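The listed protein sequences derive, respectively, from chains U and C.
Quick note on the numbering used here: the first sequence kicks off at 876 and runs consecutively.
Quick note on the numbering used here: the second sequence kicks off at 9 and runs consecutively.
Scroll down for the structure; my scribbles are underneath it.
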Amino acid sequence: MDFSLSEETKMLKSNAEKFMKEKSPSSFVKNILKEEKGFSATIWKEMADLGWLGLVYGDQYGGSGGDFFDLFILFEEMGKAGLPSPFFCSAVFAGLLINEAGDEQVKKEYLPGIIEGKKIMTVGLRNDRGLYDYPDPALEAQEVREGSYRIQGTRLLVPYAHVADGIVVCAKLMKSPPVSGPCLFITKSKGPAIRLTPLRTITGEKDFAVTYADFPARPQDILGMPGKGTTYVEKILPKLIALKCGEMVGGLSKVVDMTVDYVKQRVQFGKPLGALQVVQHYCADMTTLLDTARLIAYQAGSLISAGLPCEKEVAMAKAWCSDAYKRSTQIAHQLHGGIGFTEEHDLHRYYKHAKVSELDFGDSRYQRQKVAEAMGF
Amino acid sequence: MRFTFTEEQNRFRQEVRDFFQDELKAGTFVTKSGGLAEGSSQEFSQKMAQRGWIGMTWPKQYGGQGRTYVDKLILNEEVFRVQAPVAYHFLADRQIGPSIIHFGSEWQKEYFLPRFIRADDNMKFCLLFSEPNAGSDLVNVATSATKDGDAYIIRGQKVWTSGGHQAEYGWLLARTCFDPKVPRHESCSQFILNLRLPGVTVRPIINMAGRHTFNEVFFDDVRVEKRFMVGPENDAFKQIMAQMDYERSGIERLMQNYPMYEKLMEYVKRMDKKKVGEGFYSWVRDSIAQLEIEFHIGRLLVYYTAWTIDQGRRPSKEAALAKAYCNQYEQRLNDLATRILGPSSLLREGTPWAAFDGELAECYLWSPSYTLQGGSVEVLKNIVAQRGLNMPRK
């Protein structure tokens, strides 16, 4: 047991913290959310130049072949700042899928662009309820000729589809003889057979519904082995979930800081609110949620980094972080009073982020099922 | 960042585990929840002493081994996994020894530390802190220690004294300054008090589980030599604040009911899904997974606290936070277990049909004490807020 960060990781963490503070103050975040693109191209380029987008990829693609845990720490810092960007959908979700499933040619085609930030990729793996359906996708690919397909159906909550160079989707193959599992495709994001519908999300981040109507997919659009779609996604899933947990821990820590600062300076009844025991106990509860969430999330990140089996630990982390983050934002709102309910204040961004993150990759109830399975129940 | 143990630590854990398994097979003790409260055996403590498992973290110059708190935690995790009977030396090992090392005189160090490490005769301690009017408000103690030549005369009463009826010594907090202008927290001193001295009376208190572990202790002009005072006069609260951090940091707050946790898991594993009904089973499955997560997190908190001590930092916030968390977990464990097992789990020991032979009923009855002893959850949250988050006191 060693809970200290390595010198390099400490350095990365403090650089990232400084970067986010300077480049992404909350006034800035609110403005970029209003823009059509939904993220800052300048910051995006700077993050790419810092090598962050390529942290975990091989150097043959322009990555630095670094430690997964460093990426995890980066997500904690991004979670603190609440910076909207296609980092997760492009350089993590789509990138890792391509890295996992793609052959050398595909990797060479996509990864360098993703790592340099020049190519933005996204993923469409959610059905019309917004749930990941990769084990049995509602999206269908009908074979028309040997290896050529027509894709039909709608994907919901596809981030940044309007600026994406490609979308990774998972579709059920309709062919004879039948193939047992679904198949990953990389599709374009524009064209006559694709319709994008912007969605009004609670966070204001840019998500789209993508509807494929007889979208023609060529053999070279297939990513990996047909029938292996679920396997590829499941292979990278622990990493995705751990990074989400890191991001949630970052958000949670920001919420605690904000709230403790606020109750120390807000005077009522002739003294700071923070001098009231009931308020102190709320703050102690929030700190407990933060420290516990951080420990269990760090554990997940660290075990993945070490290449150790951690299915149960990842599920525990997501279950706990989901509840802890959400609960903390609720307490924070209670302690901030009316001011926290205004658009002007930052707190609502975390309240929204906590809820969206809770439902992403399954809430605590869902994750507890995974824990129970891992326990043999 | 590493969430695994070193080879050496794994070997040490195995060594401890093997020893306890052998002792269990030999029938030296039985595994039953709440063992710390009742399992006191000098003979057993001496066996552990021979292996160097008492005073592990103490400096070598005092006969300790200078090992880390994480190592000691590995030992204690195994102790509580099987509820080994460690009560004879546990308090001395956990907090009396460290307090003497930090604040005691040379004579006290030379006299007590080697005897603790060997689990010698007459070395069982109890704590004499709480009083009828000084619970959470500990600075309100009224027991007085009045100077009389080279001794102090102790007069007053203590309460909730765990193990007071078995202990030879008490670690006593008493008022030594009676000037009302001096702040209360600068008016008290700590003493090592031999309970066999004339004027000491120990009376049992039977708790709501029907057990005798608590006592009231009365001091009727008990004469204590000055050399038994710890540190300078009126220095008690500085010492106690540090001592409490160690008292609170251990895994006993998470694992007093560990056998119940294991039995519950075993019970659920054997549960017939069809017979109990899908709805009930799915609730059980969800609750058990939540409990598992909570236990796992408690364990991380306790290891994190031990690691903090190993880094040379005082774990005030960490220990308070961990204890508050773990105490509440143990209450939920016992409550959940009764709901999963049903009414027969509330039958007491020795009753036919009592689930787990009454162990669960007993655990449930002990539960309210967890969030009170060693600092109530409320006091602990104050510490987290005031010392951890620097929130204003007024």
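Each residue gets a CB set at the ideal place from its N, CA and C atoms; glycine is no exception.
Bear in mind the structure is a predicted one, so any value in this text is a computation, not a measurement.
Members of the stretch 969-991 of chain U that neighbour chain C once the beta carbon cut-off is set at 9 Å: none
Same chain, Cβ closer than 8 Å to residue 1167 of chain U, neighbours up to 5 away in sequence not counted: Indexing the first sequence from 1 puts residue 1167 of chain U at position 292. Excluding sequence neighbours, residue 1167 of chain U sits near 1195 and 1199.
Partner residues on chain U for residue 402 of chain C, Cβ-Cβ distance less than 7 Å: Translated into the one-based positions of the second sequence, residue 402 of chain C becomes position 394. Correct list: 1146 and 1150.
Inter-residue Cα distance where the pair is residue 1018 of chain U and residue 1092 of chain U: To locate residue 1018 of chain U, count along the first sequence from 1; it is residue 143. To locate residue 1092 of chain U, count along the first sequence from 1; it is residue 217. When rounded, the distance between both Cα atoms is 9 Å.
CA nearest to the CA of residue 967 of chain U, picked from U:957, U:984, U:1062 and U:995: Here residue 967 of chain U corresponds to residue number 92 of the first sequence, with the count starting at 1. When only C-alpha atoms are compared, the closest one is U:995.
Segments assigned alpha helix (DSSP H), at least 4 residues, entirely inside the stretch 1137-1225 of chain U: 1152-1180 and 1186-1211
Under 8 Å by beta carbon: chain U residues contacting residue 315 of chain C: Residue numbering aside, residue 315 of chain C sits at position 307 when the second sequence is read from its first letter. The answer, in chain order, is 876, 877 and 878.
Contacts of residue 1250 of chain U in chain C (Cβ-Cβ under 8 Å): Within the first sequence, residue 1250 of chain U is the residue found at index 375, counting from 1. Neighbours of residue 1250 of chain U on chain C, chain order: 273, 296, 297 and 300.
Interfacial residues, the stretch 200-215 of chain C to chain U, with Cβ spacing under 9 Å: none
Residues of the stretch 1154-1172 of chain U whose Cβ lies closer than 7 Å to any Cβ of chain C, in chain order: 1155, 1156, 1158, 1159, 1162, 1163, 1166, 1167, 1170 and 1171
Residue 1134 of chain U versus U:1026, U:976, U:1223 and U:899, residue with shortest Cα-Cα distance: Numbered from 1 along the first sequence, position 259 holds the residue referred to as residue 1134 of chain U. Checking every option, the nearest Cα to that of residue 1134 of chain U belongs to U:1223.
Outcome for residue 104 of chain C when other beta-carbon atoms lying within 10 angstroms are tallied against a minimum of 16: As a working mapping, residue 104 of chain C is identified with position 96 in the second sequence. By the 10 Å Cβ count, residue 104 of chain C comes out buried.
Euclidean distance between Cα positions of residue 42 of chain C and residue 91 of chain C: The sequence position of residue 42 of chain C within the second sequence is 34, counting from 1. The sequence position of residue 91 of chain C within the second sequence is 83, counting from 1. Taking the straight line from one Cα to the other gives about 7 Å.
Any chain C beta carbon closer than 9 Å to residue 884 of chain U: For this step, residue 884 of chain U is matched to residue 9 along the first sequence. Answer yes: the Cβ-Cβ gap between residue 884 of chain U and chain C drops below 9 Å somewhere.
In DSSP terms, what residue 202 of chain C is bridged to: Along the second sequence, one-based indexing puts residue 202 of chain C at 194. DSSP lists C:177 as partners of residue 202 of chain C.
Residue span of the beta strand (DSSP E) that contains residue 365 of chain C, given as start and end: What you label residue 365 of chain C is simply residue 357 of the second sequence in a count that begins at 1. Element bounds for residue 365 of chain C: n/a, residue is neither H nor E.
Outcome for residue 1129 of chain U when other beta-carbon atoms lying within 10 angstroms are tallied against a minimum of 16: What you label residue 1129 of chain U is simply residue 254 of the first sequence in a count that begins at 1. Label assigned to residue 1129 of chain U: buried.
Near-chain C residues of the stretch 1193-1211 of chain U - C-beta to any C-beta below 7 Å: 1194 and 1195
Helix, strand or coil at residue 33 of chain C [DSSP, three-state]: Residue 33 of chain C sits at position 25 when you count from the first residue of the second sequence. Residue 33 of chain C falls in the helix class under three-state DSSP.
Inter-residue CB distance, residue 396 of chain C and residue 331 of chain C (contact presumed, cutoff 8 Å): Your numbering for residue 396 of chain C matches position 388 in the second sequence. Your numbering for residue 331 of chain C matches position 323 in the second sequence. That pair is no contact at about 13 Å.
Neighbour flag for residue 1054 of chain U against chain C, beta carbons, 9 Å: Start at 1 with the first residue of the first sequence, and residue 1054 of chain U comes out as number 179. False, the Cβ-Cβ gap to chain C never drops below 9 Å.
Candidates C:385, C:17 and C:235: closest to residue 159 of chain C by CA position: Counted from its first residue, the second sequence places residue 159 of chain C at position 151. For residue 159 of chain C, the nearest C-alpha among the options comes from C:235.
Which of helix, strand or coil DSSP assigns to residue 1093 of chain U: Along the first sequence, one-based indexing puts residue 1093 of chain U at 218. Coil, per DSSP.
C-beta contact flag for residue 119 of chain C and residue 50 of chain C at 9 Å: The sequence position of residue 119 of chain C within the second sequence is 111, counting from 1. The sequence position of residue 50 of chain C within the second sequence is 42, counting from 1. No, the pair does not count as a contact, with Cβ atoms beyond the cut-off.
Within-9 Å CB hit, residue 256 of chain C to chain U: Taking the second sequence and counting its residues from 1, one reaches residue 256 of chain C at position 248. It does not: the Cβ of residue 256 of chain C has no partner Cβ on chain U nearer than 9 Å.
Assigned exposure category for residue 1077 of chain U - 16 Cβ within 10 Å defines buried: On the first sequence, position 202 is the one that residue 1077 of chain U refers to. With fewer than 16 Cβ atoms within 10 Å of its Cβ, residue 1077 of chain U is classed as exposed.
Within-9 Å CB hit, residue 891 of chain U to chain C: On the first sequence, position 16 is the one that residue 891 of chain U refers to. Answer no: the Cβ-Cβ gap between residue 891 of chain U and chain C never drops below 9 Å.
Contact check, residue 196 of chain C vs residue 204 of chain C, beta carbons under 9 Å: The residue you call residue 196 of chain C lines up with position 188 of the second sequence. The residue you call residue 204 of chain C lines up with position 196 of the second sequence. Their beta carbons are not under 9 Å apart, which means residue 196 of chain C does not touch residue 204 of chain C by this criterion.
Rounded separation between residue 1177 of chain U and residue 327 of chain C - CA only: Position 302 of the first sequence, counted from the first residue, corresponds to residue 1177 of chain U. Position 319 of the second sequence, counted from the first residue, corresponds to residue 327 of chain C. Spanning the two alpha carbons is a distance of roughly 24 Å.
Host beta strand (DSSP E) of residue 312 of chain C (start-end): For the purposes of this step, residue 312 of chain C is taken as the residue at position 304 of the second sequence. No beta strand (DSSP E) contains residue 312 of chain C, which is instead part of the alpha helix (DSSP H) from 286-318.
Residues that residue 363 of chain C contacts on chain U, provided the C-beta gap is smaller than 9 Å: Along the second sequence, read from residue 1 onward, the residue named residue 363 of chain C stands at position 355. Neighbours of residue 363 of chain C on chain U: none; closest Cβ ~19 Å, over 9 Å.
First through last residue of the beta strand (DSSP E) which encompasses residue 1060 of chain U: To locate residue 1060 of chain U, count along the first sequence from 1; it is residue 185. Segment 1058-1062, the beta strand (DSSP E) holding residue 1060 of chain U.
Where residue 12 of chain C falls, given that 16 or more other Cβ within 10 Å makes a residue buried: As a working mapping, residue 12 of chain C is identified with position 4 in the second sequence. Exposed: under 16 other Cβ atoms inside 10 Å.
Neighbour list for residue 389 of chain C in chain U, Cβ cutoff strictly below 8 Å: Stepping through the second sequence from its first residue, residue 389 of chain C is reached at position 381. Here the neighbours are 1155, 1156, 1159 and 1160.
Own chain residues within Cβ distance below 7 Å of residue 255 of chain C, not counting five before or after: Residue mapping note: residue 255 of chain C aligns to position 247 of the second sequence, counting from 1. The residues are 102, 103 and 382.
Proximity to residue 1244 of chain U [Cα-Cα], best of C:21, C:343, C:291 and C:337: What you label residue 1244 of chain U is simply residue 369 of the first sequence in a count that begins at 1. Among C:21, C:343, C:291 and C:337, the Cα nearest to that of residue 1244 of chain U belongs to C:291.
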